[in-house]
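A.B. asks:
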Amino acid sequence: MNILITDDDVELCDLLKEYLEHEGLQVSLCHDGQSAIEKINETQFDLLILDVMMPKKNGFETLTEIRKNSLLPVIMLTAKGDKIDRIVGLEMGADDYVAKPCDPREIVARIRAVTRRNVSTAASLKINGSDALVQEDLILNRNNRQVTVSNKNIELTSTEFDFLIALLENAGSLVTREKLSSDILGKRLQSFDRSIDMHISHLRKKLGLRKDGQERIKTLRGNGYQYLVD
Numbered sequence: 000m001n002i003l004i005t006d007d008d009v010e011l012c013d014l015l016k017e018y019l020e021h022e023g024l025q026v027s028l029c030h031d032g033q034s035a036i037e038k039i040n041e042t043q044f045d046l047l048i049l050d051v052m053m054p055k056k057n058g059f060e061t062l063t064e065i066r067k068n069s070l071l072p073v074i075m076l077t078a079k080g081d082k083i084d085r086i087v088g089l090e091m092g093a094d095d096y097v098a099k100p101c102d103p104r105e106i107v108a109r110i111r112a113v114t115r116r117n118v119s120t121a122a123s124l125k126i127n128g129s130d131a132l133v134q135e136d137l138i139l140n141r142n143n144r145q146v147t148v149s150n151k152n153i154e155l156t157s158t159e160f161d162f163l164i165a166l167l168e169n170a171g172s173l174v175t176r177e178k179l180s181s182d183i184l185g186k187r188l189q190s191f192d193r194s195i196d197m198h199i200s201h202l203r204k205k206l207g208l209r210k211d212g213q214e215r216i217k218t219l220r221g222n223g224y225q226y227l228v229d
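Numbering-wise (numbering that gives the first Met the number 0), the sequence shown opens with residue 0 and increments by one.
(1) Can at least three beta-carbon pairs, one atom from the stretch 101-115 and one from the stretch 207-219, be found at a separation below 8 angstroms?
(2) Please look up how many angstroms separate the CB atoms of Ile164 and Leu132, rounded, as I've assumed it's under 8 angstroms.
(3) Throw me the rounded Cβ distance for the Glu177 and Leu188 pair, which I believe falls under 8 angstroms.
(4) Provide the residue(s) that pair with Asn68 in DSSP beta bridges, ordered along the chain.
(5) Grab me the residues of Met52's own chain with a C-beta within less than 8 angstroms of its C-beta, minus the 5 sequence neighbours each way, in chain order.
(6) How many angstroms separate the CA atom of Glu60 from the CA atom of Gly32?
(7) Helix, strand or coil: which one does DSSP assign to Ser180?
(8) Rounded to whole angstroms, how far is the Cβ of Leu46 from the Cβ of Ile2, which I believe are closer than 8 angstroms?
(9) Cβ of Gly223 within 8 angstroms of Cβ of Leu173?
(10) Please list the terminal residues of the continuous alpha helix (DSSP H) segment that includes Asn140.
(11) Of the residues Thr42, Leu14, Leu89, which one's Cα is nearest the Cα of Leu62?
(12) Count the C-beta pairs between the stretch 192-200 and the stretch 87-101 that are closer than 8 angstroms, then say yes if the count reaches three, no if not.
(13) To the nearest angstrom, how far is the alpha carbon of Glu22 from that of Gln213?
(14) Pick helix, strand or coil for Asn169, following the three-state DSSP scheme.
(15) Which partner residues does Thr5 have in the DSSP bridge list?
(16) Can you tell me which of the three DSSP states Leu219 falls into?
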């Protein structure tokens, strides 16, 4: 796996690079947002670790530019306890976040959580001979990780795609926030953590309403979410 780390803290970058390479990952470094954009345009990366506060282009500006042309999985590095940065990052299309100062072991866990469904489709559900999940006008194809609604392609981030799989596999039933956090984000649900809410909000906006005018995903307050079926 080829990972790009973008942070103006050179010492932290070197520390993460050493640790991640020890874990068998290939790591490139850059120290400002503009350099990250240029590297991503030149090289195929599997994941970006992106700091918020950087020179030339900050993390939010960089993420906005990247999302114009790419669904590359992105993990944001945010200031410890700064919930605003986390919420803004998720709203702009980040897949996950880690608070600084960060433990390299947590970075590895986040990377594995964001990318694990790209590693194997062994548990895929087969429908009509194809690796797809279908609900009314929505078709999710696991093989090419594409989603269409009324024959229109819907661009989802890796994390949004994984959330949608979980909801479709359990269509009509409750999927708890705890399960989504554990199975997809790879972490225990924390009080006041809005990351799941942000991802679900993005899904709703991108998928649009059902043909009957209802939301496709229902919030069961305090419990979790349900993909609605007739």
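Glycine residues also receive a C-beta, built at the ideal position from the N, C-alpha and C atoms.
Model, not experiment: these values are computed from the prediction.
C.D. replies: Quick answer:
(1) Cβ pair count under 8 angstroms is below three, so no.
(2) Sure, about 7 angstroms apart at Cβ, within 8 angstroms.
(3) Indeed they touch by this definition, with Cβ atoms about 5 angstroms apart.
(4) DSSP output for Asn68 lists no bridge partner at all.
(5) Sequence-distant partners of Met52 (beyond 5 residues in either direction) whose C-beta falls short of 8 angstroms from its own C-beta, in its chain, are Asp7, Gly58, Ala78.
(6) So the alpha carbons of these two residues sit roughly 8 angstroms apart.
(7) DSSP places Ser180 in helix when its eight states are reduced to three.
(8) With a contact defined as Cβ atoms closer than 8 angstroms, Leu46 and Ile2 qualify at about 5 angstroms.
(9) Yes; because the gap between Cβ atoms is below 8 angstroms, this pair is in contact.
(10) Asn140 -> not in any alpha helix (DSSP H); beta strand (DSSP E) instead, spanning 137-140.
(11) When only C-alpha atoms are compared, the closest one is Leu89.
(12) The stretch 192-200 is in contact with the stretch 87-101.
(13) Those two C-alpha atoms are separated by around 46 angstroms.
(14) Three-state DSSP puts Asn169 in coil, outside helix and strand.
(15) DSSP, once it has assigned bridges, lists Cys29, Leu49 as partnering Thr5.
(16) Of the three classes helix, strand and coil, the one that applies to Leu219 here is strand, per DSSP.
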